[in-house]
Amino acid sequence: MKNSKLIEATIDFVKQTLNGAEGGHDWFHTERVFKTAKLISNSEKVDTLVVRLAALLHDIADPKFHNGDESVGPKIAKEFLESREVGTYIIEHVVNIIKHMSFKNSLEKKQSIFTSKELHVVQDADRLDAIGAIGIARAFNYGGFKNRELYNPNVSPNLNMTKEEYKKSNTPTINHFYEKLLLLKDKMNTETGKKLAEKRHQYMLGFLEQFYSEWSPSKISQLRKT
């Protein structure tokens, strides 16, 4: 199958699979990651087919919507690519990217040795969609989906979470900024990713300052300098 036809088929498959998904992890999230990954690829020496396939399939079955099972997404991606008679090397590479790109994996003491430039590109694209204006919108959309508090001044962020603690966390959405979103700027892999992340990071800091000023108008901003 020609690459263009494969990408078209993958897009159709992802759209169909994610139909009705939670708004922060739907087709439009995947589409943004796909476009950003292509943008970052312009400045990196990578296998663009691997990048595009991994970007499209990275959230085909997010573990948080499958009882925390991290094997579902890679399995679905593998079976789809095999059905399209994609080469074994490409399938293995795409599946490895999906397995290893999540933020929560960075919380493990023993991290996988798998890495590739393609992983770095897709990982940056996905992390960029978690920060800035869209990242804020996605965080509160998911918080609403899980019926979480917006903010609770009596619940402090856990800045030393393990992977399992992160997966089970149900703390207020504002805490998520400190436990993940504000950390992503310094976890970018590519130069393009770093540049794009800086502006989005600053936007989040401004949002938090405004949020705290509205929550307690008579108090000095509680914004933690990050």
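For the sequence shown, the residue numbers in the numbering used here are 18 to 243. Every residue gets a Cβ at the ideal spot worked out from N, C-alpha and C, and that includes glycine.
I need the boundaries of the alpha helix (DSSP H) containing residue i, first residue and last residue.
{"i": "LEU201", "result": "No alpha helix (DSSP H) contains LEU201, which DSSP labels as neither H nor E."}
{"i": "TYR168", "result": "It is not in any alpha helix (DSSP H) - TYR168 carries neither H nor E in the DSSP assignment."}
{"i": "VAL111", "result": "105-117"}
{"i": "ARG217", "result": "208-232"}
{"i": "PRO91", "result": "89-100"}
{"i": "ALA71", "result": "65-74"}
{"i": "LEU136", "result": "134-145"}
{"i": "LYS180", "result": "180-185"}
Quick check: the Cα distance between residue i and residue j, rounded to an integer number of angstroms?
{"i": "ASN20", "j": "TYR220", "result": "37 Å"}
{"i": "THR47", "j": "PHE30", "result": "12 Å"}
{"i": "ILE151", "j": "GLY210", "result": "16 Å"}
{"i": "LYS185", "j": "MET205", "result": "25 Å"}
{"i": "THR243", "j": "GLU87", "result": "Note that THR243 has pLDDT 48, beneath the 50 cutoff, so the model's placement of it is unreliable and the number below is only indicative. Each residue's alpha carbon lies about 30 Å from the other."}
{"i": "ILE93", "j": "ILE114", "result": "14 Å"}
{"i": "GLN33", "j": "SER230", "result": "42 Å"}
{"i": "LEU201", "j": "ARG144", "result": "7 Å"}
{"i": "GLY223", "j": "ILE153", "result": "12 Å"}
{"i": "LYS81", "j": "PHE97", "result": "21 Å"}
{"i": "SER238", "j": "TYR168", "result": "Legend: pLDDT at SER238 = 49, less than 50; position of this residue unreliable, value from coordinates given subsequently. So the alpha carbons of these two residues sit roughly 14 Å apart."}
{"i": "PHE228", "j": "ASP43", "result": "27 Å"}
{"i": "HIS117", "j": "PRO234", "result": "42 Å"}
{"i": "ASP203", "j": "HIS83", "result": "29 Å"}
{"i": "ASP79", "j": "PHE45", "result": "15 Å"}
{"i": "GLU226", "j": "LEU176", "result": "19 Å"}
{"i": "VAL172", "j": "GLU181", "result": "19 Å"}
{"i": "THR27", "j": "LYS52", "result": "14 Å"}
{"i": "THR65", "j": "ASN164", "result": "39 Å"}
Closest to residue i by C-alpha separation, out of the options, would be which residue?
{"i": "VAL68", "options": "GLN140, PRO80 and PHE45", "result": "GLN140"}
{"i": "SER100", "options": "TYR183, LYS216 and LEU23", "result": "LEU23"}
{"i": "PRO174", "options": "GLY161, LEU167, TYR159 and ILE191", "result": "ILE191"}
{"i": "ALA7", "options": "GLU226, PHE194 and PRO80", "result": "This structure cannot speak to residue 7, because the chain is shown only from 18 to 243."}
{"i": "THR179", "options": "GLU196, GLU102, ARG165 and TYR168", "result": "GLU196"}
{"i": "GLY90", "options": "THR65, LEU35 and PHE131", "result": "LEU35"}
{"i": "ASN187", "options": "GLU166, HIS117 and LEU198", "result": "GLU166"}
{"i": "VAL63", "options": "ILE77, THR27 and HIS110", "result": "HIS110"}
{"i": "GLU135", "options": "ASP79, ILE28 and ASN59", "result": "ASN59"}
{"i": "LEU56", "options": "GLY85, THR105, SER133 and LEU213", "result": "LEU213"}
{"i": "LEU198", "options": "GLU226, GLU182, PHE45 and HIS218", "result": "HIS218"}
{"i": "THR207", "options": "HIS83, PHE45, SER133 and GLY85", "result": "SER133"}
{"i": "SER119", "options": "LEU66, THR65 and TYR183", "result": "TYR183"}
{"i": "ILE11", "options": "GLU181, LYS95 and LEU176", "result": "No information on residue 11 is available, as it lies outside the stretch 18 to 243 that the chain covers here."}
Is residue j closer than 9 Å to residue i when the C-beta atoms are compared?
{"i": "ALA147", "j": "ALA54", "result": "no"}
{"i": "ILE107", "j": "LEU70", "result": "yes"}
{"i": "VAL112", "j": "GLU61", "result": "no"}
{"i": "GLY149", "j": "LYS216", "result": "yes"}
{"i": "GLN162", "j": "GLY37", "result": "One detail in the question is off: residue 162 reads as Phe in this sequence, not Gln. Cβ atoms of PHE162 and GLY37: not closer than 9 Å."}
{"i": "VAL50", "j": "HIS75", "result": "yes"}
{"i": "TRP232", "j": "PRO189", "result": "no"}
{"i": "ASN158", "j": "GLU25", "result": "no"}
Minimum length 4: unbroken alpha helix (DSSP H) runs contained in the region 31-62: Runs found: 44-58.
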